[in-house]
Amino acid sequence: MDRQDNGVSIKLKKSLQFNPQSLLFTATPLIRSKKISQILKINLLIKHDDFFEGPGGGSKYRKLKYILRRAEEQKCNAIITAGGNQSNHLRSTSILAAGLSMQVSAIIHDNEPMEYKGNLKLTSLCATNMSFVKMCDVKKAMDDEVINYIKDGCKPFYIWGGGHCVEGSFAYYEAVKELKDQLGDIVPDYIIHASGTGTTQAGLEIGVRQFYPECRILGISIARKKNKGKEVILESMKELNKALKNPVEIPTDIHFDDQFIGTGYESTFPGLLDTIAMAAKLEGIVLDPTYSGKAFHALTEYVKSGVIKKNSNVVFWHTGGLLNLTTSN
Ligand SMILES: *Cc1c(COP(=O)(O)O)cnc(C)c1O
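Numbers in our numbering are just positions in the sequence shown, counted from 1, shifted up by 5.
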């Protein structure tokens, strides 16, 4: 089976005509932060995708609402996807797909732990089957699952790890419209968020260029080095732009900062933990050390260093990560 043909090379127009009741969702809250706004001397608004409907919340659900529409359109009934033990993508895919009566094969590129916790626990409850493989064997394991499903008379649908695809970016392009409805007369100067595969950032970048041309997206890398990260985001932007029939001009450079990663994915450092504690104590904003905490920490540092100007309107797009917090040390 050609994976490129499976949900990647698509026309978005079609998905707009499609109206699956089960994949509808409501807007996530936009809440003004009072105390932290005062302390940082900015107007801080939090877009709560950590409250996105579904167990554990988070941005992966928003992407999957669009990705799984594509799977339904193609009458697929089995999902094959990949991620690490604490993958929000695997958890969200397994839960949503089970709700749609689809089978799910979760290919996990980690050692199987003694005890299943957090995301892995939820994935194990909802997925049809899981296999733990080495990173270099992921592709083969996924292809083998495709063959097995076809043998069993099922129609499989392939999702790249992290939900990295044009439907995922389209979800965040649409999310800018959702934000615009909520902001009313307020024009955001900056939108800051945790950036991983770049799918979210690509959607936000295209969205703001269309709806808020003065606004800057500040992508905070949670793992990738600057050059590689930017390259992938610009690629995803081009792909989405093409699907949308060229609404905006693609820039040559974007903001993707790799200075807040620590020593790597899932690593923590004292300043990060202080920021997480501060946001929780002051306002009950719950951040995690793998994703949202790194972006929020960058926000506080950007205000100090002047990258974010005083009195500006800042939207912190909270992408979730609750279960990464509860399984961290
Ligand atoms: C996946 C994820 C991100 C990053 O999203 P990308 O589209 O991969 O860049 C950010 N925060 C959380 C909580 C995530 O699970």
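Just so it is clear, CB atoms sit at the ideal spot from N, CA and C, and this is done for glycine as well.
Please tell me whether residue i and residue j are closer than 8 Å, where the distance is taken between their beta carbons.
i: H94; j: G203; result: no
i: K299; j: D263; result: no
i: K70; j: L28; result: yes
i: Q215; j: I238; result: no
i: I47; j: V291; result: no
i: A76; j: F162; result: yes
i: L127; j: I100; result: yes
i: D293; j: S333; result: yes
i: I72; j: G168; result: yes
i: I225; j: A199; result: yes
i: T295; j: G267; result: no
i: T331; j: G201; result: no
i: C131; j: A103; result: yes
i: F57; j: R67; result: yes
i: N318; j: I191; result: yes
i: W322; j: D148; result: no
If you compare alpha carbons, which of the options is closest to residue i?
i: A32; options: N153, A207, I164 and Q187; result: Q187
i: E3; options: S226, L239, E172 and E179; result: Nothing about residue 3 can be read from this structure; the chain reaches only from 6 to 334.
i: N251; options: I259, M242, T257 and D258; result: M242
i: T98; options: D115, N134 and V312; result: N134
i: M140; options: A284, E117, L105 and Q215; result: E117
i: E245; options: G212, T273 and T268; result: Reading the sequence as shown, one finds Leu at residue 245 and not Glu. Comparing Cα-Cα distances from L245 to each of G212, T273 and T268, the minimum goes to G212.
i: A121; options: I191, N90 and E210; result: Reading the sequence as shown, one finds Tyr at residue 121 and not Ala. Looking at the Cα atoms, N90 is the closest of the given residues.
i: T324; options: A146, K52 and D279; result: K52
i: K329; options: E288, V312, Y270 and D279; result: One detail in the question is off: residue 329 reads as Asn in this sequence, not Lys. Taking only the C-alpha atoms, the option nearest N329 is Y270.
i: V253; options: G224, L209 and P275; result: L209
i: K185; options: S200, C159 and C220; result: C220
i: M283; options: L35, F30 and I44; result: I44
i: K314; options: R74, L49, K160 and Y217; result: L49
i: D142; options: N124, S200 and H114; result: H114
i: G234; options: A248, P256, I255 and F261; result: F261
i: G62; options: P256, G88 and R96; result: R96
i: N232; options: L249, I259 and K247; result: I259
i: I36; options: F175, E288 and K144; result: E288
i: S174; options: V312, K247 and P60; result: K247
i: E236; options: P218, L249 and P256; result: P256
i: L105; options: K156, R74 and P218; result: R74
i: G2; options: Y217, A176 and C170; result: Residue 2 is absent from the structure shown; the chain starts at 6 and stops at 334.
i: S297; options: F265, S310 and G311; result: F265
i: S129; options: K160, C170, S92 and K144; result: S92
Just to confirm the assignment, what range does the beta strand (DSSP E) spanning residue i have?
i: H260; result: H260 to D262
i: P161; result: P161 to Y163
i: R37; result: L35 to R37
i: F137; result: N134 to F137
i: N48; result: N48 to H53
i: T31; result: Where T31 is concerned, there is no enclosing beta strand (DSSP E), given that its DSSP letter is neither H nor E.
i: G88; result: A83 to G88
i: N318; result: N318 to H323
Could you spell out the range, first to last residue, of the alpha helix (DSSP H) harbouring residue i?
i: R221; result: Looking at the DSSP string, R221 is not in any alpha helix (DSSP H); the run it does join, the beta strand (DSSP E), is R221 to S226.
i: M107; result: Unbroken run through M107: none, as it is neither H nor E.
i: Y154; result: V143 to K156
i: T305; result: S297 to S310
i: A199; result: Segment Y195 to S200 is the beta strand (DSSP E) holding A199; no alpha helix (DSSP H) there.
i: V237; result: K231 to A248
i: V171; result: V171 to L188
i: V213; result: T204 to F216
i: N124; result: G123 to C131
i: Q91; result: Where Q91 is concerned, there is no enclosing alpha helix (DSSP H), given that its DSSP letter is neither H nor E.
i: Q79; result: From DSSP, Q79 is part of no alpha helix (DSSP H); its letter is neither H nor E.
i: G276; result: P275 to E288
i: I41; result: K40 to L45
i: T332; result: Run containing T332: none; DSSP gives neither H nor E here.
Counting contacts by CB-CB distance shorter than 8 Å, is residue i in contact with chain C?
i: V138; result: The displayed structure is made up of one protein chain only, and chain C is not part of it.
TODO: Determine contact between the stretch 99–113 and the stretch 79–89, defined as no fewer than three beta-carbon pairs at a distance below 8 Å.
DONE: yes
Open item on the list: Under 8 Å: do the stretch 303–315 and the stretch 193–200 share three or more Cβ pairs, one atom per stretch?
Closed with: yes
Open item on the list: Under 8 Å, with one C-beta from each stretch per pair, do the stretch 175–187 and the stretch 38–45 reach the 3-pair mark?
Closed with: no
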